[in-house]
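In what follows, a single structure is set out as structure tokens and then discussed.
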Ligand code: G6P
Ligand code: ZN
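In this note's numbering, the protein residues as written are 615 to 1157.
Dropping the structure here:
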């Protein structure tokens, strides 16, 4: 089979964002668009010859077509072997697992995560490195640079291959292994958790519901919860991946996973509810009539980590992204272990995990994980919560309220203003940044501002510095107000405002966060001159 050299010209918009390149499907369908980006990835990995690549996606629209193109391009670019999930499917945590288990050189994941799918919706592509984690900025910059000077790409001439049956075969000089996308991941989970204890939990009166939102975790959840742990059939709902996720947003939060939330807040609610996102790395945890914020989830799991076999000797340290509440820091201090604050984006945890500095990490954006892989992991978080429930014998609400009594409650809410014109987003950030120097010492909403800055992070392992990672106001009473522009959208700008306040008094730990944080919310709106600049009176999403 011949390797074709196809001439092409650069596209100006192939700069990877927080999590790879995300665009509308129609953009990816332009002639040469996907090919250019894939070749740019390969050009940024000069030592790829003969190495193994893992490949799969969340099954969204254009997944199958893209898999075929990437297989032929991998063969045309000297890769030794591609391990592809059957049906072209792999969750993000499973790709991370398989890269590490096989000693692969890297992996390509096709997903736009929690963004909607379908012919008029989003598609995405991201590269993970040999540690199983997202490409670091040095590499995404190299990919972007390559994309701006690309003149041509190499692709094997040939027909589509069969990706629907587990088998090993050759495509030109490259081997392709089509494997079960679930098996290796499920084996890893069985090594981390006490499946016998979880089976006993499932056999008792305990009832749970897992909503896969028609996305990738369906097959994984059916296998693990129903088949291996013995939860009754029907525990997993919306468990078949659909190319358009049934028309919904595969985003596990109270807005987009509303049917699940409604069920958990209904009269005859199950004990436990959880959901994951498009590519399986996010999680939402609910108890009966109770929502666990992702920031609290990290803190609670850290406090109970030794109940899980893989962590029975304790944690090395904990990391959270900057906008994530400080609840986990308080636990780390109580445990006498280190805690770290990184910029938003899972890739910033990679060095800390590789260096053995941390065991758990998490983000307010519904991401929780550990050193078992180098991605956040939705089903891992669910299994971790089930383990804590099995170990304590307590319902979710009690586990969390006891946690607050001991460590204090970090009231938390994030307000998103989606789809603003890009220049307005920039303008808001610039005008807040301009006010930062005069803010320290001022009192707003009855709180004194200690520090007001533009968050920059110096990686403690490799010394690299990432600047402009969000604007922060730190108050003397421990409260925080943070502004950031989303790095994952595909249209216009999304402004995120994060509000946090610590309440140590157990008698005042049961209020509505929107009420408790009302003053801070107002300060945020005033400082950003939101209504004047955007005309928006309310956020589009509140989490
Ligand atoms: C992706 C990354 C997360 C990150 C999130 C932030 O999901 O994997 O690590 O927290 O994006 O998204 P944002 O839209 O706030 O930039
Ligand atoms: Zn995701």
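A virtual CB, placed ideally from N, CA and C, is assigned to each residue, including glycine.
Where do the ends of the beta strand (DSSP E) carrying residue 869 lie?
Residue 869 -> no beta strand (DSSP E), and no H or E assigned at all.
Taking DSSP as the reference, what is the three-state secondary structure of residue 929?
Residue state, collapsed to three classes: coil.
Taking just the CA atoms, how far does residue 639 sit from residue 741?
18 Å
Cβ shell of residue 938 (< 6 Å), same chain only, five flanking positions each side left out:
The beta carbon of residue 938 sits closer than 6 Å to those of 909, 977 and 978, all from its chain and outside the five residues before and after it, given in chain order.
Shortest alpha-carbon distance to residue 1111 belongs to which of 822, 1070, 691 and 1086?
1086
Tell me the DSSP secondary structure of residue 748 in three-state form.
strand
Check whether the stretch 669-677 and the stretch 754-763 touch, using three or more Cβ-Cβ pairs below 8 Å as the test.
no
Where does residue 939 fall in DSSP's three states?
coil
Residue 612, buried or exposed, once every other Cβ within 10 Å from all chains shown has been counted against 16:
Nothing can be reported for residue 612: it is not among the residues displayed for the chain, which extend from 615 to 1157.
Tell me the DSSP secondary structure of residue 821 in three-state form.
coil
Does residue 585 pass the burial test, meaning 16 or more other C-beta atoms within 10 Å, or should it be called exposed?
Because the chain in this structure spans residues 615 to 1157, residue 585 falls outside the shown range and cannot be described.
Quick check on the DSSP output: the alpha helix (DSSP H) that includes residue 740 runs from which residue to which?
Taken as a continuous stretch (DSSP letters only), residue 740 belongs to no alpha helix (DSSP H), being part of the beta strand (DSSP E) at 736-743.
Chain-order list of residues whose beta-carbon lies under 7 Å from that of residue 572 (same chain, five-residue window excluded):
Residue 572 falls outside the range modelled here, since the chain spans only 615 to 1157, and no answer is possible.
Within a Cβ cutoff of 7 Å, which residues of the same chain sit near residue 823, ignoring the five residues on either side of it in sequence?
849, 851, 874, 877, 884 and 887
Taking the beta strand (DSSP E) that residue 781 belongs to, which residues open and close that run?
781-785
Under a criterion of Cβ closer than 5 Å to any non-hydrogen atom of the ligand G6P, which residues qualify, in chain order?
632, 633, 958, 959, 960, 977, 979, 1100, 1101 and 1102
With DSSP run on the structure shown, which of helix, strand or coil describes residue 852?
coil
Following the continuous beta strand (DSSP E) through residue 635, name the residue where it begins and the one where it ends.
635-638
Does the ligand ZN have even one heavy atom less than 8 Å from the beta-carbon of residue 583?
The structure shown does not extend to residue 583, since the chain is modelled only from 615 through 1157, so no value can be given for it.
Can you tell me which of 1011, 1075, 1005 and 1135 puts its alpha carbon nearest to the alpha carbon of residue 612?
Outside the displayed span of the chain (615 to 1157) sits residue 612, for which this structure offers no information.
In or out: residue 726 buried (at least 16 other Cβ within 10 Å) or exposed?
buried
Does DSSP put residue 796 in a helix, a strand or coil?
coil
With residue 687 and residue 652 assumed to form a contact (beta carbons below 8 Å), what rounded beta-carbon distance in angstroms separates them?
So it is a contact: roughly 5 Å between Cβ atoms.
Hey, is residue 1157 close to the ligand ZN, as in C-beta under 8 Å from one of its heavy atoms?
no
For residue 901, does the count of other Cβ atoms within 10 angstroms reach 16, so buried, or fall short, so exposed?
buried
Go through its chain and collect everything with a Cβ distance to residue 1097's Cβ below 6 Å, but skip five positions before and after it.
The residues are 1046, 1085 and 1111.
Can you give me the Cβ contacts of residue 1094 inside the same chain, cut-off strictly under 6 Å, excluding the 5 residues immediately before and after it?
1088 and 1114
Start and end residues, beta strand (DSSP E) containing residue 897:
Start and end: 897-901.
Take the Cβ of residue 689 as the centre, count every other Cβ of all protein chains shown within 10 Å, and call the residue buried at 16 or more, exposed below.
buried
How about residue 1138 and residue 940: are their beta carbons less than 9 Å apart?
Between residue 1138 and residue 940, the CB-CB gap reaches or exceeds 9 Å.
Between the stretch 702-713 and the stretch 795-810, do at least 3 Cβ pairs fall closer than 8 Å?
yes
Among the candidates 769, 625, 1128 and 763, whose CA atom is the shortest distance from the CA of residue 685?
769
Out of 699, 767 and 662, state which residue places its alpha-carbon closest to the alpha-carbon of residue 779.
Residue 779 has its Cα closest to that of 699, out of 699, 767 and 662.
For the structure I just gave you, are there three or more beta carbon pairs, one from the stretch 780-788 and one from the stretch 969-976, closer than 8 Å?
no
Expressed to the nearest angstrom, what Euclidean distance is found between the alpha-carbon atoms of residue 842 and residue 828?
21 Å
Restricting to Cα atoms, I'd like to know which of 748, 732, 1069 and 674 is closest to residue 709.
748
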